[in-house]
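Residue numbers (my numbering): 83 to 339.
Glycine included, each C-beta is placed from N, C-alpha and C at the ideal position.
Here's the structure we're looking at; comments come further down.
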């Protein structure tokens, strides 16, 4: 698809303004965004569609993909609000997920309740360092890391939007990719507990039941996954684009005065 520049045909009155000429030249040095060229990528089939000149509400209601007829949207609707809501809920449930019992073991010796951390300590003292490390990383470190990175991303977007601080969008994009990568390993601990319970019950040695901590932990995993899916990383670049333009305009105003 051949895309022509949208800054070539300008009105004559704008050409006579030095400030407008400098701004247009500066815009041409930046990499154009699809939204600036009125293009939108279909999230379903990946087709690049040209958006019509409608308002944002009309686009959300009428714009559809030319190939698969799926609704088109330039940005995820209410991305920051939904991400913040999921993040707060996951942060609240993270505490009971680590404090409440993960498993309840019933045998002829009695009844025992174990949390995630007590399981890590037990396997470490037993010499199973690999199992202990896997449970600690998958159940404690990775969920906490996801919560921290998502909070940093939301803070970065807010600070860029309020123009209080200038953050590198490349670093923010790297953090978002880290969240996507480690999210695949969030259910390891639940899988280990399920396999352990199945094996022990098959051998009729004891009965292992999932505790309330397992429910809270599963909710944390689901909520962090929803938070990462709700976050739109393109907003980082949008705010960076706006901040760069604002800094350029302030610099031009300072030189003129």
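**Item:** Cutoff 6 Å; reference residue 317; Cβ partners in own chain excluding five residues on either side
**Value:** Looking up residue 317 in the chain shown gives position 235. Same-chain partners within the cutoff: 239.
**Request:** For residue 182, name the three-state secondary structure that DSSP assigns.
**Result:** One-based indexing of the chain shown puts residue 182 at position 100. Residue 182: coil per DSSP, three-state reduction.
**Asked** What is the rounded straight-line gap between the Cα of residue 202 and the Cα of residue 164?
**Response** Here the question's residue 202 lines up with position 120 in the chain shown. Here the question's residue 164 lines up with position 82 in the chain shown. If I take the Cα positions, the gap works out to 33 Å.
**Prompt:** Does any C-beta atom of chain D lie closer than 8 Å to the C-beta of residue 167?
**Reply:** Protein chain content of the structure displayed is limited to a single chain, and chain D is not contained in it.
**Prompt:** Helix, strand or coil: which one does DSSP assign to residue 315?
**Reply:** In the chain shown, the residue the question calls residue 315 occupies position 233. Of the three classes helix, strand and coil, the one that applies to residue 315 here is coil, per DSSP.
**Asked** What whole-angstrom Cβ distance do residue 300 and residue 183 have, given they're in contact under 8 Å?
**Response** As a first step, residue 300 is located in the chain shown; it is residue number 218 there, counting from the start. As a first step, residue 183 is located in the chain shown; it is residue number 101 there, counting from the start. In fact, because the Cβ distance is near 14 Å, the residues do not count as touching under 8 Å.
**Asked** Does the segment 118 to 132 come close enough to the segment 149 to 161 that 3 or more CB-CB pairs lie under 8 Å?
**Response** yes
**Message:** Taking the alpha-carbon of residue 228 as reference, which of 166, 160, 130 has the nearest alpha-carbon?
**Reply:** What you label residue 228 is simply residue 146 of the chain shown in a count that begins at 1. Here the closest residue by C-alpha is 166.
**6 Å Cβ shell around residue 319 - same chain, five flanking residues per side excluded** = Against the chain shown, residue 319 aligns to sequence position 237. These residues qualify, in order along the chain: 251.
**Item:** Cα-Cα separation between residue 207 and residue 200, rounded to whole angstroms
**Value:** Along the chain shown, read from residue 1 onward, the residue named residue 207 stands at position 125. Along the chain shown, read from residue 1 onward, the residue named residue 200 stands at position 118. Cα to Cα, the separation comes out at about 11 Å.
**Request:** Specify the secondary structure class of residue 129 as computed by DSSP and reduced to three states.
**Result:** Within the chain shown, the letter at position 47 stands for residue 129. Residue state, collapsed to three classes: coil.
**Prompt:** In the DSSP assignment, what residue or residues form a beta bridge with residue 188?
**Reply:** Indexing the chain shown from 1 puts residue 188 at position 106. Paired residue(s): 193, 289.
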